[in-house]
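Chemist: A single structure is presented below for examination.
Protein chains in written order, with our numbering: chain W, 2 to 130; chain Z, 49 to 440.
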């Protein structure tokens, strides 16, 4: 499946897709040294993390930067609603960031897929298992 | 994005790599948000300066900006750090003091005003319509909603970048076209109004659009509690407050209306403590001097705290300097007063069975960290709870 996205921070990405259909406050809800999303207790290191958008603390940018510093960062991120805290964090950490259309997260849901994006393209590819 | 000649020179490295990096963060973020130009800011407020939150990666980033020659180009204040700057708090863990000192040294030498508070509007109340670049989500919400100034919820490094360049991108809430309230939230029940922390959590969790709130309290003490909670649990940067938000700095296009009942906010209140150790907490966001003195009066007339009960109060450094006599007296009664920090950006030295606070923001962050049962009430309720009078 090919899906058009708005590229906010460009870069290559090939990683398993992990959809979290909620907003994330990186500060508080993410442990940067372990690379886990505390609310669900799951790894976000090395995945294509799709979520609705950011919330909470403005320290979030530093947490995204810290994920990269500890080598526990997602391979790329997809959001429905981009906002400065996440964009800045991704720019600093050089993590590709894409904006997806509303409804995309629900459509994909819990299906297992690998996401592929090549730098310079305005779309992502999803290879379902 | 259109850049002036000076801005282009900054981006191209003619003012050094630090200014170029700061400019690039602002321009790239701005472009991602659809900005077509930059604007000058009157005041930058830098969040993300506490070592216990940003750890070594953040420390090294800030230090490198200072060593690279970064200097403030605009009036800049800084958020709380992770140590108590009075040096006497028993509850705030001081073991990161050396690391925090490295961060503070960099911030101060870059020319930032070391206020170490989350209420920068206490030091410099913003003017209506003024462009700001503020981190600290609660302060952002107050600047937009109470003062009628304009700032986006800048991430910590983005506000820092604005401090070092004097600019921010023109998008989001700087554009009047985005300052439109779409949902009318009607607060009728005085019990809801009387628990601004719970109301704020409800607002953050349940309302995504910019709300127009009718019937909330009008005092700044309650409003900053409500706005801090809604900014933490949601991402509200502007909550239009009827009778408070200056006219002309927002518009309305109401498509929905909700009335908040007591039953709606009840789920955010938690459990009233029965037995066990209790930590009462006031000062998230930090207290103005007049708020601190009111709490002081309430505590002094009650005397020494019962065993296994502690009350923690957090205030700006300047309020500590002005009122250290009162702080010392409170300490003799078993009350812990910490300056320039708070438990959200630091660590506590001991654990408690219950956290009782008036702050929805503190509940949002601390209930995850402390694993304590929490109870959210109003200011007097916190004092009553730690003195065993029933939180009421």
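Cβ coordinates follow ideal geometry from the N, Cα and C atoms, glycine included.
What are the partner residues of residue 166 of chain Z, as DSSP defines its beta bridges?
Modeler: For the purposes of this step, residue 166 of chain Z is identified with residue 118 of the second chain, where counting begins at 1. Answer is none; residue 166 of chain Z lacks a bridge partner.
Chemist: Can you give the Cα-Cα distance for residue 351 of chain Z and residue 137 of chain Z, rounded to whole angstroms?
Modeler: Stepping through the second chain from its first residue, residue 351 of chain Z is reached at position 303. Stepping through the second chain from its first residue, residue 137 of chain Z is reached at position 89. Rounded to the nearest angstrom, the two C-alpha atoms are 19 Å apart.
Chemist: Between the Cα of residue 75 of chain W and the Cα atoms of W:104, W:31, W:101, W:105, which residue gives the shortest distance?
Modeler: For this step, residue 75 of chain W is matched to residue 74 along the first chain. Here the closest residue by C-alpha is W:31.
Chemist: How do the stretch 78 to 86 of chain Z and the stretch 170 to 177 of chain Z stand: do at least 3 beta-carbon pairs fall below 8 Å, yes or no?
Modeler: Flag = no, the stretch 78 to 86 of chain Z and the stretch 170 to 177 of chain Z do not touch.
Chemist: Below 8 Å on the Cβ atoms is my contact criterion, and I expect residue 53 of chain W with residue 106 of chain W to pass it. Report the Cβ-Cβ distance as a whole number of Å.
Modeler: Residue 53 of chain W sits at position 52 when you count from the first residue of the first chain. Residue 106 of chain W sits at position 105 when you count from the first residue of the first chain. 7 Å between Cβ atoms; contact.
Chemist: Examine chain Z for any beta-carbon lying closer than 8 Å to the beta-carbon of residue 84 of chain W, and answer yes or no.
Modeler: Reading the first chain from its first residue, position 83 is the one you call residue 84 of chain W. At least one chain Z Cβ lies under 8 Å of residue 84 of chain W.
Chemist: I'd like the list of long-range same chain contacts for residue 396 of chain Z, defined as Cβ closer than 6 Å, with 5 residues on each side in sequence excluded.
Modeler: Working through the second chain from its first residue, we reach residue 396 of chain Z at position 348. Within the same chain, residue 396 of chain Z has close Cβ partners 139.
Chemist: Measuring CB to CB, does residue 321 of chain Z end up less than 8 Å from residue 411 of chain Z?
Modeler: Numbered from its first residue, the second chain carries residue 321 of chain Z at position 273. Numbered from its first residue, the second chain carries residue 411 of chain Z at position 363. No. Outside cutoff.
Chemist: Taking DSSP as the reference, what is the three-state secondary structure of residue 253 of chain Z?
Modeler: Here residue 253 of chain Z corresponds to residue number 205 of the second chain, with the count starting at 1. Note: residue 253 of chain Z maps to helix in three-state DSSP.
Chemist: Identify the contact partners of residue 28 of chain W in chain Z, using a Cβ-Cβ distance below 7 Å as the criterion.
Modeler: Taking the first chain and counting its residues from 1, the one referred to as residue 28 of chain W is at position 27. Within chain Z, the residues near residue 28 of chain W are 101.
Chemist: Which whole runs of the beta strand (DSSP E) in the stretch 45 to 109 of chain W are 3 residues long or more, in chain order?
Modeler: You should have 49 to 55, 77 to 82, 98 to 100.
Chemist: Do the CB positions of residue 408 of chain Z and residue 246 of chain Z come within less than 8 Å of each other?
Modeler: For the purposes of this step, residue 408 of chain Z is taken as the residue at position 360 of the second chain. For the purposes of this step, residue 246 of chain Z is taken as the residue at position 198 of the second chain. Yes. Within cutoff.
Chemist: For the stretch 74 to 89 of chain Z, list every residue whose C-beta sits within 8 Å of some C-beta in chain W, in sequence order.
Modeler: Those residues of the stretch 74 to 89 of chain Z that come within reach of chain W (Cβ to Cβ, closer than 8 Å) are 76, 77, 80, 81.
Chemist: Looking only at DSSP bridge pairs, what is residue 154 of chain W linked to?
Modeler: With chain W represented from 2 up to 130, any question about residue 154 of chain W goes unanswered, as that position is not in the structure.
Chemist: Quick one: what's residue 421 of chain Z bridged to in DSSP?
Modeler: Here residue 421 of chain Z is taken as the residue at index 373 of the second chain, counted from 1. Answer by DSSP bridge pairing, in chain order: Z:402.
Chemist: Report the residues of the stretch 59 to 70 of chain W with a CB closer than 7 Å to any CB of chain Z, ordered along the chain.
Modeler: Here the close residues are 59, 60, 61, 62, 63, 66, 67, 70.
Chemist: Flag residue 185 of chain Z as yes if its beta-carbon sits less than 8 Å from any beta-carbon of chain A, otherwise no.
Modeler: Considering every chain present, this structure includes no chain A. Its protein chains are W and Z.
Chemist: Find the residues of chain W that neighbour residue 416 of chain Z, judging by a C-beta separation of less than 8 Å, and give them in chain order.
Modeler: Against the second chain, residue 416 of chain Z aligns to sequence position 368. In chain order: 29, 30, 39.
Chemist: In whole angstroms, what separates the C-alpha of residue 123 of chain W from that of residue 194 of chain Z?
Modeler: Along the first chain, one-based indexing puts residue 123 of chain W at 122. Along the second chain, one-based indexing puts residue 194 of chain Z at 146. Straight-line Cα distance between these residues: approximately 40 Å.
Chemist: Using a Cβ cut-off of 8 Å, pull out every chain W residue sitting near residue 202 of chain Z, in sequence order please.
Modeler: Taking the first residue of the second chain as position 1, residue 202 of chain Z is located at position 154. In chain order: 59, 85, 86, 89.
Chemist: Compare the C-beta of residue 413 of chain Z with all C-beta atoms of chain W and state if any pair is closer than 8 Å.
Modeler: One-based indexing of the second chain puts residue 413 of chain Z at position 365. So yes, residue 413 of chain Z belongs to the interface.
Chemist: What are the boundary residues of the beta strand (DSSP E) that includes residue 308 of chain Z?
Modeler: Along the second chain, read from residue 1 onward, the residue named residue 308 of chain Z stands at position 260. Element bounds for residue 308 of chain Z: 299 to 308.
Chemist: Label residue 113 of chain W either buried or exposed according to how many other C-beta atoms from any shown protein chain fall within 10 Å of its C-beta, with 16 as the threshold for buried.
Modeler: To locate residue 113 of chain W, count along the first chain from 1; it is residue 112. Counting Cβ neighbours within 10 Å, residue 113 of chain W comes out exposed, since fewer than 16 surround it.
Chemist: Show which residues of chain Z have a CB atom less than 7 Å away from the CB atom of residue 92 of chain W.
Modeler: For the purposes of this step, residue 92 of chain W is taken as residue 91 along the first chain, with counting starting at 1. Neighbours of residue 92 of chain W on chain Z, chain order: 73, 76, 77.
Chemist: Applying a beta-carbon distance threshold of less than 7 Å, which residues of chain Z neighbour residue 55 of chain W?
Modeler: For the purposes of this step, residue 55 of chain W is taken as the residue at position 54 of the first chain. In chain order: 283.
Chemist: For residue 9 of chain W, which residues in chain Z fall below 7 Å Cβ to Cβ?
Modeler: Taking the first residue of the first chain as 1, we reach residue 9 of chain W at position 8. Near residue 9 of chain W (Cβ distances below 7 Å), the residues of chain Z are 80.
Chemist: Under 8 Å between the Cβ atoms of residue 217 of chain Z and residue 73 of chain Z?
Modeler: Looking up residue 217 of chain Z in the second chain gives position 169. Looking up residue 73 of chain Z in the second chain gives position 25. In this structure, residue 73 of chain Z does not lie closer than 8 Å to residue 217 of chain Z by Cβ.
Chemist: Could you pull the DSSP bridge partners for residue 363 of chain Z from this structure?
Modeler: In the second chain, residue 363 of chain Z corresponds to position 315, counting from 1. BP columns for residue 363 of chain Z point to Z:387.
Chemist: Chain W beta carbons: is any one of them nearer than 8 Å to that of residue 109 of chain Z?
Modeler: Taking the first residue of the second chain as 1, we reach residue 109 of chain Z at position 61. Residue 109 of chain Z counts as touching chain W.
Chemist: Does the beta-carbon of residue 119 of chain W have 16 or more other beta-carbons within 10 angstroms, so that it is buried, or is it exposed?
Modeler: Locating residue 119 of chain W in the first chain gives position 118, where the first residue counts as 1. Result: exposed.
Chemist: So, for residue 103 of chain W: in the same chain, excluding its five sequence neighbours on each side, which residues have a beta-carbon less than 7 Å away from its beta-carbon?
Modeler: Position 102 of the first chain, counted from the first residue, corresponds to residue 103 of chain W. Cβ within range, chain order: 81.
Chemist: Need the endpoints of the beta strand (DSSP E) that residue 217 of chain Z sits in, please.
Modeler: Looking up residue 217 of chain Z in the second chain gives position 169. Residues 215 to 217.
Chemist: Between residue 51 of chain Z and residue 88 of chain Z, what straight-line distance do the alpha-carbon atoms span, to the nearest angstrom?
Modeler: Sequence index remark: in the second chain, residue 51 of chain Z carries index 3 (1-based). Sequence index remark: in the second chain, residue 88 of chain Z carries index 40 (1-based). The straight-line gap from Cα to Cα measures roughly 12 Å.
Chemist: In this structure, does DSSP put residue 143 of chain Z in helix, strand or coil?
Modeler: Your numbering for residue 143 of chain Z matches position 95 in the second chain. Of the three classes helix, strand and coil, the one that applies to residue 143 of chain Z here is coil, per DSSP.
Chemist: Using 8 Å as the threshold, is the stretch 295 to 314 of chain Z in touch with the stretch 267 to 279 of chain Z, meaning 3 or more CB pairs across them?
Modeler: No, they do not touch.
Chemist: If we define contact as Cβ-Cβ less than 8 Å, is residue 205 of chain Z a contact residue for chain W?
Modeler: Within the second chain, numbered from 1, the residue matching residue 205 of chain Z stands at position 157. Answer yes: the Cβ-Cβ gap between residue 205 of chain Z and chain W drops below 8 Å somewhere.
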